[in-house]
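Q: Below is the structure I would like to discuss, written out as structure tokens.
Protein chains: 2
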Amino acid sequence: MGQGEQVYERLREEIVEWDLAPGTHLNETRLAERLGVSRTPLREALLRLSRDRLVRLSPGRGAFVTEIALQDVVHQFQMREALETHAVRLCARNAERAVFGALAVDFLRWEEHFAREGVHGAETEYYALTDRLDAAIAEGTGNPYLRESLADVRRHLRRMRRLARRTPERLRVGAGEHARICRAAREGAEEEAARAVADHVNNSLRHILDALGGGASR
Amino acid sequence: MGQGEQVYERLREEIVEWDLAPGTHLNETRLAERLGVSRTPLREALLRLSRDRLVRLSPGRGAFVTEIALQDVVHQFQMREALETHAVRLCARNAERAVFGALAVDFLRWEEHFAREGVHGAETEYYALTDRLDAAIAEGTGNPYLRESLADVRRHLRRMRRLARRTPERLRVGAGEHARICRAAREGAEEEAARAVADHVNNSLRHILDALGGGASR
DNA sequence: TCGTCCAGGATTGTATACAAACGGTATTCA
DNA sequence: TGAATACCGTTTGTATACAATCCTGGACGA
């Protein structure tokens, strides 16, 4: 499906990047005009977005960009833990584990870099590395269902990360955690890899919750 | 969204129950007529179904009920393992674990029953029990995202189970596995519960693959 | 003054009309 | 005889017209 698909992906990006902020009402006619399509493919896009829980459809009232409650952050991180730990288990059982060796080296280098010199603007380059790790884990599963679910939850978390800026200290520690994940994956140490991922996910969650001013449910 | 939603659920059920067999082409006009709606809400339903991977949209050619390859069975069971193990972990950490005690007793009773007298038609009643366990696990997570993902994967497996009829022996062993899951969950033994679920899932998969004539990738 | 109810306007939900793309068939040419 | 191609019917993809629903503002009454 041509236009509907494109509109879907574009709106999805705008929502994840906060160009469409949580809570905004999506007027069908105006949106359709802005994107240069009719209401039909636009509604297709909204429907798909609602299934991703990026918009909420209120019958008779239309579509709203979903808001982000503290509970949702916790719940999405639980999903992430479930999917990423199992994904890395599959990677650890997989034959093609060499990639993780190279990634481990890179992450260690970045950890040292952060410790020595702080951040100063190198974040973009570092994020490219974390993207490579994410991709390697998703690919390593060899499971398209899992890949897509991982993509979903990662999108949600990308949107949520706007809630809390990452500190240099968190980046440094995170690099170390990533290195640990890569080492375990390369060696085929399934249990250790799963633990490393679980720890990393939970530390990330704690960092966000702390930054949000100490949520009640810690 | 009124009619689209209903059409979606109805078609979903027909696909899961094999009233619409894998591979059948879904003609929009004919389907819309049969269901008594216009093409617009019907297309909404097809779109949602495609996101569930229950139909595949071929651009320009229309919608087809997805076929079930052996690979898909394996992949869906991997998804199930990822989600159910984490779900039962959350249950084991949860305060409301009393339900699992009662369920454990019931499953033990059924295991004995199967051992003594075989099956003879009591399956429906037994499946109601397994449904109660599934519901208890989903509820016990307290996580709506996880609940929905569990529902998705369970639907897929319900459709796939048509591929292989369960044997009395498998039912008996399965009841024992369920009992083990319930006991661990009630006692809050997280690791044991996760292992029990993983074992159960993998045994179910092996049973299906065996019944399918010993798939190559065991 | 506060609450209720009604009317107007706007927006969503559904149906239908039109355009584009695809598949199948027959025909033509080597 | 076989393969390539052009044509036609069918089906999907998109736009638009119409109906039903919901929110807003204001007037009326208690």
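The listed protein sequences derive, respectively, from chains A and B. Residue 1 is where the first sequence starts when you use the numbering used here, and the numbers rise one by one after that. Residue 1001 is where the second sequence starts when you use the numbering used here, and the numbers rise one by one after that. Idealized CB from N, CA, C, for every residue including glycine. Predicted model only: the values in this text are computed from it and were never measured.
(1) How would you write the range of the alpha helix (DSSP H) that G2 (chain A) sits in, first residue to last?
(2) My understanding is that L1046 (chain B) touches L1026 (chain B), with C-beta atoms under 8 Å, so please give their C-beta distance in whole angstroms.
(3) Report, in whole angstroms, the separation of the C-beta atoms of A136 (chain A) and L90 (chain A), which I expect to be a contact under 8 Å.
(4) Going along chain B in order, which residues have a C-beta closer than 7 Å to the C-beta of L47 (chain A)?
(5) Between which two residues does the alpha helix (DSSP H) carrying G101 (chain A) extend?
(6) Using 10 angstroms around the beta-carbon of S1204 (chain B), count the other beta-carbons present and answer buried if the total reaches 16, otherwise exposed.
(7) Compare the C-beta of Y145 (chain A) against all C-beta atoms of chain B and say whether one is closer than 8 Å.
(8) If you reduce the DSSP assignment to three classes, tell me which class A1063 (chain B) lands in.
(9) Hey, is R195 (chain A)'s beta-carbon within less than 8 Å of any beta-carbon in chain B?
(10) For S1058 (chain B), which three-state DSSP category applies?
(11) Determine, using beta carbons only, whether L1205 (chain B) comes closer than 8 Å to chain A.
(12) Between the Cα of A1196 (chain B) and those of B:G1174, B:A1063, B:V1037 and B:E1028, spot the shortest distance and give me the residue it belongs to.
(13) Please name the residues in the region 75–88 of chain A whose beta-carbon is closer than 8 Å to at least one beta-carbon of chain B, in chain order.
(14) Under 8 Å, do Q76 (chain A) and H156 (chain A) count as touching if we go by C-beta distance?
(15) Based on Cα-Cα distance, which residue from B:L1150, B:P1168 and B:V1037 lies nearest to E1123 (chain B)?
(16) Taking 8 Å as the threshold, find out whether the region 179–193 of chain A comes into contact with the region 102–118 of chain A through three or more Cβ pairs.
(17) Only counting the same chain, and skipping five residues up and downstream in sequence, which positions put a Cβ closer than 8 Å to that of E1111 (chain B)?
(18) In chain B, which residues lie less than 8 Å from R2 (chain A) when you measure between Cβ atoms?
(19) Does the Cβ of S217 (chain A) have 16 or more other Cβ atoms within 10 Å, making it buried, or fewer, making it exposed?
(20) CA-CA distance, V74 (chain A) and L1146 (chain B)?
(21) To the nearest angstrom, report how far apart I1015 (chain B) and P22 (chain A) are at their CA atoms.
A: This is what the structure gives:
(1) If you look at G2 (chain A), you'll find it in the alpha helix (DSSP H) that goes G2 to V16.
(2) 7 Å
(3) Not a contact, Cβ separation roughly 12 Å.
(4) E1044, L1047 and R1048
(5) Here the alpha helix (DSSP H) through G101 (chain A) covers A98 to E117.
(6) Buried, because 16 or more other Cβ atoms sit within 10 Å of the Cβ of S1204 (chain B).
(7) Yes, because at least one Cβ of chain B sits closer than 8 Å to the Cβ of Y145 (chain A).
(8) strand
(9) The C-beta of R195 (chain A) comes no closer than 8 Å to any C-beta of chain B.
(10) strand
(11) no
(12) B:G1174
(13) So the list reads H75, Q76, Q78, M79, E81, A82, L83, T85, H86 and A87, given in the order they occur along the chain.
(14) A contact, by the Cβ cut-off of 8 Å.
(15) B:P1168
(16) yes
(17) R1172, A1175, G1176 and A1179
(18) It is Gly, not Arg, that sits at residue 2 (chain A) in the sequence shown. Per Cβ cutoff of 8 Å: P1059.
(19) Reliability of the predicted coordinates at S217 (chain A) is poor, the pLDDT of 44 falling under 50, and no value is obtained from them.
(20) 12 Å
(21) In a straight line, the C-alpha of I1015 (chain B) is about 35 Å away from that of P22 (chain A).
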